[in-house]
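S.K.:
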Amino acid sequence: VHGLDLAGASAWFDAFHRRFEAEAAALGDLDRRAGDGDFGNNILSALRRCRRRLDEEPPRTPGELFLGVSHGFLNTGGTSGPLFGMWFRGIGRATDAPVMTLGALAAGVADGTATVQRLGKARPGDKTMVDAMAPATDALAAAVDAGLDLPDGLARAADAARAGALATESLRARRGRAAYVGDVARGVLDPGALTVALFFSAGPPAPGR
Ligand code: ADP
Ligand code: MG
Ligand code: MG
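Heads up, the final residue of the sequence shown is numbered 255 in full-length UniProt numbering, and it's a clean run with no missing numbers.
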């Protein structure tokens, strides 16, 4: 079965953690310009909590790994922590098999994104993390239909999430703290959406890429 095994999921999370650490200050700065500036630290502390949880209760499957990540995010302050927690919960619940297929990942991302939208009431175009989650969900579903393997599907999701995140720059926010500042948030990329793009682009690369 082609897909993501525990080692692959673990390497993916580690890569996401490292890439986020490198970007945390810049992402926090975006939140400072359109919100309250705590985004970078909120996610850094969530990622450290995830790491601790995974050390204390080592996952046996990729699903369990993402459930551990979910747990770390759910216990974090800020709006983004619990929303990312529910998103990763959707991914973790997609399968308890030793290998997560692209189909399972696509279903989990769709499920998690639907939950984030239900709880946060943001639609695409509201300048939130949903602007990257929704196109990534669509790209993964299309990749499953096209019979792509997991690394190629993830590369499509990363491109779609990145395009969605970059498109938040010109938007006026309708949800979250950035909605309070109105036109001031125009010209500022949404850090939550950029983090979703960072997550997908940290995924396991296709052989030879
Ligand atoms: P806070 O505003 O509580 O300080 P954070 O700084 O942790 O929250 O997170 C801000 C991010 O949360 C934004 O960049 C945006 O992507 C996301 N966000 C805020 N409100 C919502 C919402 N209602 N639905 C989805 N995402 C949201
Ligand atoms: Mg904030
Ligand atoms: Mg805050």
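Glycine included, every Cβ here is placed at the ideal spot set by N, Cα and C. Nothing here was measured: the structure is a model prediction, and the numbers come from that model.
Report yes if the C-beta of Gly86 is less than 7 angstroms from at least one heavy atom of ligand 2; otherwise report no.
M.R.: Checking the Cβ of Gly86 against ligand 2 gives no.
S.K.: Assuming Asp84 contacts Asp77 (C-beta within less than 8 angstroms), just tell me the rounded distance between them.
M.R.: Confirmed, Cβ separation roughly 7 angstroms.
S.K.: From Val115 to Asp229, what distance separates their C-alpha atoms?
M.R.: Looking at the two C-alpha atoms, the distance is approximately 34 angstroms.
S.K.: Quick check: is the beta carbon of Asp177 nearer than 8 angstroms to any beta carbon in chain E?
M.R.: The chain labelled as chain E is not found in the depicted structure, where only one protein chain is given.
S.K.: Does the segment 135-153 come close enough to the segment 78-97 to have 3 or more Cβ pairs within less than 8 angstroms?
M.R.: Short answer: they don't touch.
S.K.: Would you decide whether Leu165 is buried or exposed? Buried here means 16 or more other CB atoms lie within 10 Å of its CB.
M.R.: It counts as exposed.
S.K.: For Ala239 and Pro181, I'd like the C-alpha separation in whole angstroms.
M.R.: Those two C-alpha atoms are separated by around 11 angstroms.
S.K.: Flag this pair as yes or no: are the beta carbons of Met132 and Thr161 separated by less than 8 angstroms?
M.R.: Yes, the Cβ-Cβ distance between Met132 and Thr161 is below 8 angstroms.
S.K.: Which same chain residues, not among the five before or five after Gly54, have their C-beta less than 6 angstroms away from its C-beta?
M.R.: Once the five neighbours on either side are set aside, the close Cβ partners of Gly54 are Pro250.
S.K.: Between the segment 207-227 and the segment 54-66, are three or more C-beta pairs nearer than 8 angstroms?
M.R.: No, the segment 207-227 does not touch the segment 54-66.
S.K.: Report yes if the CB atom of Gln134 is closer than 8 angstroms to the CB atom of Gly109, and no otherwise.
M.R.: Just to set this straight, residue 134 is Phe in the shown sequence, not Gln. Going by C-beta atoms, Phe134 is not nearer than 8 angstroms to Gly109.
S.K.: Which residues mark the beginning and the end of the alpha helix (DSSP H) in which Met146 is found?
M.R.: Careful: Met146 lies outside any alpha helix (DSSP H) and carries neither H nor E.
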